[in-house]
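See below for the structure under consideration.
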């Protein structure tokens with residue numbers, strides 16, 4: 001057990017641990033995942049001053065080019081992002097080669113769930129005019145393996161819920177089972193069966209969760 | 001402190017008188033229909049009232065399909081929040097009857113998650129129940145293991161406000177006990193300690209921390225006020241902070257039990273006692289800053305004194321899905 005007691009031993013993580021893990025995740029992503037813009041940490045300052053730093057991770061305006069003829073590729077989504085490093089904002093331009101292609105924009109937020117003590121992925125899709133995409137349209141952008149899982153259990157996989165902080169409907173990936181596969185990941189990754197160090201918690205988590213929404217992370221991040 | 005039968009009965013019987021007006025853009029008849037008067041159960045949800053309300057307005061509606069939603073003074077109401085909580089939170093000065101507007105068209109899907117009638121409300125209830133179970137027991141197995149028909153019956157008992165049926169079904173739910181283990185132990189050991197004048201040794205009590213499902217709704221206003229009717233009207237949900245976070249029973253030396261104040265301060269540390277009292281404290285840069293202040297705490301329509309044992313509050317005032325909904329009105333810190 002590390003000094004701050006950040007990672008609970010059964011695959012869950014504390015709020016303090018999540019903040020540490022989030023920073024580590026964002027750093028590794030920035031270093032190893034150059035085909036994507038970086039994640040930003042959004043602190044929760046809301047209505048009052050909060051002594052303990054709390055917040056969530058945000059990755060926005062990811063473009064998925066989906067051809068109107070068929071569904072997206074399974075292995076790698078045709079994600080195009082041309083961005084320049086700026087302090088405040090990320091500037092994205094897209095090369096739309098085929099005029100029949102429709103650009104879908106996606107925002108992803110990784111938010112801590114105090115109830116389940118695990119991270120949760122919230123996401124939403126919208127077209128270039130800002131209009132939200134329905135789940136049916138989003139499904140066509142997802143890898144087909146995710147789609148079959150969705151079809152099997154309508155209520156327990158991806159659901160539309162209110163974003164915990166933004167008062168808007170977003171889609172959420174359900175946390176059930178998260179701590180089980182984090183436990184499996186930590187057991188298989190180390191010979192002495194030690195738990196995952198907090199700096200790698202979100203990386204491990206995202207290596208599974210990201211695949212559901214078609215976002216892969218390079219192996220270098222897992223070290 | 002276990003649940004008191006009478007207190008729970010009061011909670012289940014609590015209701016808000018509503019006066020529901022059809023939105024003027026949807027009045028297609030002349031004269032316009034008068035408002036509908038409905039008594040809404042506090043532990044219920046607005047979409048469940050539609051079958052009672054619709055007959056008043058169906059002849060006045062323009063043609064088209066229904067997509068029903070409610071607003072209070074222009075603020076769209078979140079249908080998955082229990083009616084009593086919406087009332088306690090949005091009406092600083094309780095308005096009776098509570099005037100709401102109903103819409104049958106133009107669902108604001110950019111701000112409200114969709115509602116497909118009773119099914120959506122039931123799904124939301126079961127989901128909250130699972131989350132509460134996870135917090136209390138560490139897993140949702142008790143809910144998952146319940147048979148479909150038992151789950152249905154449980155939901156039906158809530159929908160109908162049938163406390164007897166709900167109470168009969170509770171043992172099938174096998175939800176763990178919510179108990180302040182510290183106060184229980186304090187009760188047992190206090191007679192001796194009082195006699196001998198010795199302090200209760202906190203370090204002996206190594207117990208697993210109990211986690212309590214709580215949903216906290218914080219409304220912050222900028223200026224202090226004398227009367228509740230002086231509190232300004234709410235414009236958007238962005239004025240309200242929502243915290244869906246469990247409270248953990250924590251033991252403090254010298255205290256016999258964990259109070260409601262302790263619970264709220266654990267969720268809102270910026271309003272903790274000593275800080276709230278030191279107003280006008282100098283900041284490092286020389287600027288003055290007054291701390292925030294908790295003005296009002298409402299649960300099930302009751303303005304509670306903050307020194308009440310939290311375990312009593314939880315066991316008697318929680319909603320059927322095992323969540324305690326707390327509405328708080330605060331004066332935000334001033335700079």
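Chains as they are written, first to last, in UniProt numbering: chain A, 1 to 223; chain B, 1 to 335. For every residue, glycine included, the Cβ atom is placed at its ideal position computed from N, Cα and C.
Hey, would you say residue i sits closer than 8 Å to residue j, going by beta carbons?
i	j	result
residue 175 (chain B)	residue 136 (chain B)	yes
residue 317 (chain B)	residue 306 (chain B)	no
residue 322 (chain B)	residue 132 (chain B)	yes
residue 173 (chain A)	residue 204 (chain A)	no
residue 41 (chain A)	residue 55 (chain A)	yes
residue 296 (chain B)	residue 328 (chain B)	yes
residue 104 (chain B)	residue 66 (chain B)	yes
residue 100 (chain B)	residue 57 (chain B)	no
residue 14 (chain B)	residue 42 (chain B)	yes
residue 117 (chain A)	residue 14 (chain A)	yes
residue 167 (chain A)	residue 237 (chain B)	yes
residue 340 (chain B)	residue 89 (chain B)	For residue 340 (chain B) there is no data in the structure shown, the boundaries of chain B being 1 and 335.
residue 244 (chain B)	residue 115 (chain A)	yes
residue 83 (chain B)	residue 45 (chain B)	yes
residue 201 (chain A)	residue 44 (chain A)	no
residue 214 (chain B)	residue 260 (chain B)	no
residue 120 (chain A)	residue 113 (chain A)	yes
residue 133 (chain A)	residue 109 (chain A)	no
residue 33 (chain B)	residue 79 (chain B)	no
residue 111 (chain B)	residue 129 (chain B)	no
residue 181 (chain A)	residue 198 (chain A)	no
Just mark residue i as buried or exposed, buried being the case when its beta carbon has 16 or more other beta carbons within 10 Å.
i	result
residue 223 (chain A)	exposed
residue 300 (chain B)	buried
residue 151 (chain B)	buried
residue 124 (chain B)	buried
residue 28 (chain A)	buried
residue 170 (chain B)	exposed
residue 7 (chain B)	exposed
residue 262 (chain B)	buried
residue 319 (chain B)	buried
residue 18 (chain B)	buried
residue 241 (chain B)	buried
residue 30 (chain B)	exposed
residue 218 (chain A)	exposed
residue 5 (chain B)	exposed
residue 55 (chain B)	exposed
residue 192 (chain B)	Low local confidence applies: a pLDDT of 42 at residue 192 (chain B) is under 50, so the model's placement there is unreliable, and no value is given.
residue 199 (chain B)	With a pLDDT of 38 at residue 199 (chain B), under the threshold of 50, the predicted position of this residue should be treated as unreliable, though the coordinate-derived value follows. Per the 10 Å Cβ criterion, exposed.
residue 210 (chain B)	buried
residue 168 (chain B)	exposed
residue 127 (chain B)	buried
residue 235 (chain B)	exposed
residue 141 (chain A)	buried
residue 130 (chain A)	exposed
For residue i, which residues does DSSP report across the bridge?
i	result
residue 55 (chain A)	A:43
residue 169 (chain A)	A:162
residue 65 (chain A)	A:103
residue 80 (chain B)	None, per the DSSP bridge assignment.
residue 268 (chain B)	Answer by DSSP bridge pairing: none, since residue 268 (chain B) is not bridged.
residue 137 (chain B)	Bridge partners of residue 137 (chain B): none, in fact.
residue 125 (chain A)	A:106
residue 259 (chain B)	B:309
residue 325 (chain B)	B:215
residue 19 (chain B)	B:37, B:99
residue 298 (chain B)	B:303, B:327
Using only the heavy atoms of the ligand SAM, determine whether one of them is closer than 7 Å to the beta carbon of residue i.
i	result
residue 297 (chain B)	With respect to the ligand SAM, the structure shown offers nothing to examine, as it has no ligands at all.
Review point. Listed from N- to C-terminal order along the chain, which residues in the stretch 114-134 of chain A have their beta-carbon within a distance smaller than 8 Å of any beta-carbon of chain B?
Key: Result list: 114, 115, 116, 132.
Point to revise | Residues in the stretch 157-179 of chain A having any Cβ partner in chain B nearer than 7 Å | key: Under the 7 Å Cβ criterion, the stretch 157-179 of chain A contributes 160, 161, 162, 164, 167, 168, 169.
Check your understanding: Does the stretch 163-177 of chain B come close enough to the stretch 48-61 of chain B to have 3 or more Cβ pairs within less than 8 Å?
Key -> No contact exists between the stretch 163-177 of chain B and the stretch 48-61 of chain B.
**Study point:** chain A contacts made by the stretch 94-121 of chain B, where a contact means CB separation under 9 Å
**Key:** Taken in chain order, the members of the stretch 94-121 of chain B whose beta-carbon sits within less than 9 Å of a beta-carbon on chain A are 109, 110, 111, 112, 113, 114.
Check your understanding: What are the residues of the stretch 153-168 of chain B that lie near chain A, defined by any Cβ-Cβ distance shorter than 7 Å?
Key -> Going along the stretch 153-168 of chain B in chain order, one finds no residue with a Cβ nearer than 7 Å to chain A.
Practice item. Check each residue of the stretch 30-49 of chain B: if its Cβ is closer than 7 Å to any Cβ of chain A, include it; give the result in chain order. Key: Of all residues in the stretch 30-49 of chain B, none has a Cβ within less than 7 Å of some Cβ in chain A.
Point to revise | Interface positions of the stretch 221-249 of chain B facing chain A (Cβ-Cβ less than 9 Å), listed along the chain | key: Listed by position along the chain: 236, 237, 238, 239, 240, 241, 242, 243, 244, 245, 246.
Check your understanding: Using 8 Å as the Cβ pair cut-off and three pairs as the minimum, do the stretch 220-231 of chain B and the stretch 86-98 of chain B touch?
Key -> With the rule of 3 Cβ pairs closer than 8 Å, the stretch 220-231 of chain B counts as touching the stretch 86-98 of chain B.
Review point. Listed from N- to C-terminal order along the chain, which residues in the stretch 119-146 of chain B have their beta-carbon within a distance smaller than 7 Å of any beta-carbon of chain A?
Key: Per Cβ criterion, the list reads 123, 131, 134, 135.
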